[in-house]
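Heads up, the thing below is written out as C-alpha cells.
Number of protein chains: 2
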Amino acid sequence: MTQQKATNITWHKGNLTRDERFAALKAKGCTMWFTGLPSSGKSTIASALEQVLVQRGVHSYRLDGDNIRFGLNKNLGFSADDRKENIRRIGEVAKLFADSGSIALTSFISPYAADRDAARALHDSAGLPFLEVFVDTPIGECEKRDPKGLYKKARAGEIKGFTGVDDPYEAPPKAELRLASGEMNVEACVRACLELLESRGLFVGR
Amino acid sequence: MTQQKATNITWHKGNLTRDERFAALKAKGCTMWFTGLPSSGKSTIASALEQVLVQRGVHSYRLDGDNIRFGLNKNLGFSADDRKENIRRIGEVAKLFADSGSIALTSFISPYAADRDAARALHDSAGLPFLEVFVDTPIGECEKRDPKGLYKKARAGEIKGFTGVDDPYEAPPKAELRLASGEMNVEACVRACLELLESRGLFVGR
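Line by line, the protein sequences give chains U and P. Taking our numbering, the leading residue of the first sequence gets 1, the next gets one more, and so forth. Taking our numbering, the leading residue of the second sequence gets 1001, the next gets one more, and so forth.
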C-alpha cells in the first residue's frame, strides 16, 4: 500500500501554477485582514471563524500576537519603524498562506491606513484577494471590556502610545466588511465573514 | 444553499487545538528542511515533491529564494547577521505552516549547522516534526551544473563568500534523509521523501 502510493509520481519542470494548486486542493487562498481598536473583539471573531472553516475542512490559519509577536517578530519593539515592520512582515506571511491555498486571518490592531494599504497592495500585485474586516466597536464598549486592564493603564498614563487613547486609530474608509461588534454577537459576525467569502467565491468546503 | 451553509455555526471559546485542527483537515503538519550546496538540486526536488503532494490533495508549500528573498526578507543582505536572521525567519514561517496543517518545504543552502539546529529546536519546542533533508551532491557535480554561472564567478573571485568555494558548507551529520542526488534521479529523490513522510505517519492523502 505504502509502496504503491509512493511509486506513482508525476511532476513537471518548473513550479506548480496557482490554478493547478487551487484546483488540486479544492481551495481558494485569500487573506482576511481584521483591524480594530484594542479589545474590539478581533481575535474572538477570527478565532471563531477559523474554527468554523477548519471544521468544514477548509485550511485556514490565524496570525495574531500570540504566534507572531513571540516568534517571527520577537526582535521588534514598539517604535514607529518597528510597528511598520511588524505589519509589513505579517502582510508578507499572510500572502504566503493565501498563495498556498489557505485562508489567512490576521488579527492585529494595525491602526495605520498606510500599513494596511501596503499589505493590500502586496496581495493585489500577486493577484490574491485581500478582504479588510473592520471590527467597529465603539471605544466606550472596548474600554468597558478591557480584559487585560490596558485602557485603564493607558488612561492613568502608565502605558504611552496606546491606540485609541494617546495614539490614533485610522478607521478604514473602504473595508470589504464592517462588523458592528457592539451590536452583533460572535455568531452574527462569523456569519457575515462567511457570507463575504461565499459572495467572492472564496469559501470552498468539503 | 449558501445561506444554509452559513447558518450552521459551532465554535468554542479559546483556540482550536492542534489535534482538533489536524483531525478536521485530515492533515499532519511538519517541516522538511532541504539543505545542500548551491546547484545541488534542492529546489528541483522540493518543487517536484510539492507538486506530487498537492496533486494528492495534501496542502504543501515551498519556501525558497523566489518567494522569501524578494518578500519577507527583502530587507536583509548577506552579512553574517543578516544570513542568520534570514534563516531564523524562514524557520519561524515554516513552523507556522506546519502548525497550520501544511507540509512546509524549505529550500535554502542554509550552510551553518547552528542555524539549522535553531530551526529544529523551534519546531521541537512546539511539538512539530522537523525533517532535515541533506541534498548531498558532490561539489564537482554542482559546479558542472552551475545553471547561473555562479561557481564560475566565485572561482574567478567576482563573488565573495560563496558557499562551497570561499565559505564553508557544514554538512548535517544526522539528517533524517540523505539524497545522493548525483546518483539518484528526481523521481527517486521524491520517492525517498514520500517514504520518509509515510514512515513517520505524516503523509495523509485524500
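Beta carbons: idealized from backbone N, C-alpha and C, even for Gly. Treat the numbers as computed from the prediction; the structure is a model and nothing was measured.
Legend entry - Contacts around residue 133 of chain U, its chain only, beta-carbon distance under 6 Å, and the 5 residues preceding and following it disregarded: Taking the first residue of the first sequence as 1, we reach residue 133 of chain U at position 133. Closer than 6 Å at the Cβ level, and outside the excluded window around residue 133 of chain U, lie 32, 34 and 177.
Legend entry - DSSP-derived helix/strand/coil call for residue 1104 of chain P: Here residue 1104 of chain P corresponds to residue number 104 of the second sequence, with the count starting at 1. Strand, per DSSP.
Legend entry - residue 1069 of chain P versus U:93, U:73 and U:63, residue with shortest Cα-Cα distance: Walking along the second sequence from the start, residue 1069 of chain P turns up at place 69. Nearest C-alpha to residue 1069 of chain P: U:93.
Inset, instruction - Determine the DSSP secondary structure at residue 1115 of chain P, reduced to helix, strand or coil. - result: Taking the second sequence and counting its residues from 1, the one referred to as residue 1115 of chain P is at position 115. Reduced to three states, the DSSP call for residue 1115 of chain P is helix.
Inset, instruction - Kindly list, in the order they appear in chain U, the residues whose Cβ is closer than 7 Å to that of residue 1054 of chain P. - result: Counted from its first residue, the second sequence places residue 1054 of chain P at position 54. Within 7 Å Cβ-Cβ: 16, 21, 24 and 25.
Legend entry - Straight-line Cα distance separating residue 15 of chain U from residue 91 of chain U: For the purposes of this step, residue 91 of chain U is taken as residue 91 along the first sequence, with counting starting at 1. For the purposes of this step, residue 15 of chain U is taken as residue 15 along the first sequence, with counting starting at 1. Note on geometry: alpha-carbon atoms of residue 91 of chain U and residue 15 of chain U lie some 23 Å from one another.
Inset, instruction - With a cut-off of 8 Å on the beta carbons, I'd call residue 1111 of chain P and residue 1169 of chain P a contact; round off their distance for me. - result: The residue given as residue 1111 of chain P occupies position 111 in the second sequence. The residue given as residue 1169 of chain P occupies position 169 in the second sequence. Between residue 1169 of chain P and residue 1111 of chain P the Cβ distance is about 5 Å, and since that is below 8 Å, they are a contact.
Legend entry - Alpha-carbon spacing of residue 125 of chain U relative to residue 156 of chain U, whole angstroms: Here the question's residue 125 of chain U lines up with position 125 in the first sequence. Here the question's residue 156 of chain U lines up with position 156 in the first sequence. So the two alpha carbons sit approximately 44 Å from each other.
Legend entry - Spatially closest choice to residue 1023 of chain P from U:116, U:54, U:137 and U:188, by CA coordinates: By 1-based counting over the second sequence, the position of residue 1023 of chain P is 23. Residue 1023 of chain P has its Cα closest to that of U:54, out of U:116, U:54, U:137 and U:188.
Inset, instruction - Check each residue of the stretch 1142-1154 of chain P: if its Cβ is closer than 9 Å to any Cβ of chain A, include it; give the result in chain order. - result: Given the protein chain composition of this structure (U and P), no chain A is represented.
Inset, instruction - Give a yes or no on whether the C-beta atoms belonging to residue 1101 of chain P and residue 1025 of chain P are separated by under 8 Å. - result: Indexing the second sequence from 1 puts residue 1101 of chain P at position 101. Indexing the second sequence from 1 puts residue 1025 of chain P at position 25. Closer than 8 Å, so yes.
Inset, instruction - Please go through the same chain and pick out, in chain order, the residues whose beta-carbon is closer than 6 Å to the beta-carbon of residue 1159 of chain P, but skip the five residues on each side of it. - result: Here residue 1159 of chain P refers to the residue found at position 159 of the second sequence. These residues qualify, in order along the chain: 1153.
Inset, instruction - Consult DSSP for residue 132 of chain U and reduce its assignment to one of helix, strand or coil. - result: The residue you call residue 132 of chain U lines up with position 132 of the first sequence. It is a strand residue.
Legend entry - Residue from U:10, U:11, U:30 and U:72 with nearest C-alpha to residue 129 of chain U: Here residue 129 of chain U corresponds to residue number 129 of the first sequence, with the count starting at 1. Nearest C-alpha to residue 129 of chain U: U:30.
Legend entry - Which listed residue (U:43, U:72, U:71 and U:76) has its alpha carbon closest to that of residue 62 of chain U: Position 62 of the first sequence, counted from the first residue, corresponds to residue 62 of chain U. Closest option to residue 62 of chain U, Cα to Cα, is U:43.
Inset, instruction - Would you kindly report the start and end of the unbroken beta strand (DSSP E) that includes residue 35 of chain U? - result: Translated into the one-based positions of the first sequence, residue 35 of chain U becomes position 35. Looking at the DSSP string, the run of the beta strand (DSSP E) that includes residue 35 of chain U is 30-35.
Inset, instruction - Please decide whether residue 1200 of chain P counts as near chain U, where near means a Cβ-Cβ distance under 8 Å. - result: For this step, residue 1200 of chain P is matched to residue 200 along the second sequence. Output row for residue 1200 of chain P: interface = no.
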